[in-house]
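Residue numbers (this note's numbering): 1 to 289.
We put the beta carbon where it would ideally sit given N, CA and C, even for glycine.
Presented below is the structure to which this report refers.
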């Protein structure tokens with residue numbers, strides 16, 4: 001997976017450099033020599049797959065904490081040097097957090113909130129939170145999860161506690177760049193959205209994704225990253241829905257510029273291919289964390 005992360009980082013570096021160069025050209029004054037443009041600066045991005053604590057993982061975290069509480073940091077220690085060095089590091093928090101020791105694995109996940117502490121300690125800046133397990137514990141699970149991420153300073157995209165939060169684009173800094181992070185899921189395992197909260201989880205819809213991406217760009221985002229929870233579990237090749245949606249999203253442009261700059265896929269639980277589609281990098285699936 002490190003090789004894939006490097007490829008994505010290089011792709012984003014080239015993209016940002018190209019955008020900076022175009023902006024410098026746009027501000028030339030007719031009849032006067034153009035000032036020497038500052039060298040475009042890129043940034044590095046690390047992204048990783050599903051954070052999905054099954055019961056065995058929860059048990060191990062309890063053991064690592066000495067039998068009192070939960071400590072997930074040792075499990076992530078091996079990637080900390082890579083994650084913490086990146087200008088921007090994004091994870092996928094697939095499950096919601098439980099309360100008062102009521103923690104469960106498959107099929108209905110409720111994870112200990114100490115997971116958030118481990119993500120922050122590892123160096124993650126933000127996580128996508130839209131998944132088929134987003135409603136495993138209703139709106140309460142969403143609230144607890146986002147509250148825990150907020151407490152440790154990890155940003156999030158894809159689920160929301162309020163309508164206002166759902167309408168607010170998550171923008172992170174990567175060096176001097178503003179990076180919008182959008183996230184969507186194909187479904188919530190058939191669980192209905194909470195009554196009166198149609199905005200609680202962002203569901204995959206091409207028109208909505210593109211509208212959100214354009215709004216983010218209009219609000220000042222230099223780069224738009226879209227996380228998609230999609231595909232067929234345990235299949236290492238992208239399915240037709242992934243291929244078609246990736247093609248359509250990457251083909252969309254406004255003012256000659258792509259609306260989406262990078263697509264990061266999760267859900268399949270195995271690494272899937274990555275490729276450039278219409279000139280934009282698409283990572284179909286990053287496997288599990």
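- Note on the region 216 to 249: there is no whole alpha helix (DSSP H) run with a minimum of 4 residues.
- If you ignore the 5 residues before and after residue 189, its C-beta comes within less than 6 Å of the C-beta of 132, all in its own chain and listed in chain order.
- Within the DSSP secondary-structure output, residue 97 pairs in a beta bridge with 111.
- For residue 239, the CB contacts under 7 Å within the same chain, skipping 5 residues up- and downstream, are 231 and 232 in chain order.
- Across the set 182, 195 and 135, the C-alpha of 182 shows the shortest separation from the C-alpha of residue 155.
- Taking residue 176 as reference, the option from 220, 216 and 163 with the minimal CA-CA separation is 220.
- In the DSSP assignment, residue 52 falls outside any alpha helix (DSSP H), carrying neither H nor E.
- Using a C-beta cut-off of 8 Å, the region 142 to 161 makes no contact with the region 100 to 109, since fewer than three inter-stretch Cβ pairs fall below that distance.
- In the three-state scheme derived from DSSP, where H, G and I count as helix and E and B as strand, residue 207 is classed as helix.
- Going by beta carbons, residue 111 and residue 158 fall outside the 8 Å limit.
- Counting other Cβ atoms within 10 Å of its Cβ, residue 43 reaches 16 or more and is therefore classed as buried.
- With a 10 Å radius around the Cβ and a threshold of 16 neighbouring Cβ atoms, residue 234 comes out exposed.
- Setting aside the 5 residues that flank it on each side, residue 122 is surrounded in the same chain by 76, 80 and 83, each with a C-beta closer than 6 Å to its C-beta; the list follows chain order.
- Non-local beta-carbon contacts of residue 118 in its own chain, meaning distances under 7 Å to residues more than five positions away in sequence, involve 72, 73 and 76 in chain order.
- Contact check for residue 248 against residue 206 passes: the beta carbons are separated by less than 8 Å.
- Between residue 226 and residue 217, the C-beta spacing is not below 8 Å.
- Between residue 144 and residue 99, the gap from beta carbon to beta carbon is short of 8 Å.
- Taking all protein chains in view, the Cβ of residue 222 is crowded by 16 or more other Cβ atoms within 10 Å, so the residue is classified as buried.
- In this structure, residue 134 sits away from residue 243, with a CB-CB distance that is not shorter than 8 Å.
- Per DSSP, the beta-bridge partners of residue 156 are 127.
- Just measuring C-alpha positions, the residue of 47, 120 and 94 sitting nearest residue 109 is 94.
- Selection 211, 265 and 86 evaluated against residue 236 yields 265 as nearest (Cα-Cα).
- If you check the CB distance, residue 88 and residue 149 do not come in under 8 Å.
- In this structure residue 211 is not in contact with residue 169, their Cβ atoms being roughly 11 Å apart against a cut-off of 8 Å.
- Relative to residue 85, the option among 63, 61, 54 and 124 whose CA is nearest is 124.
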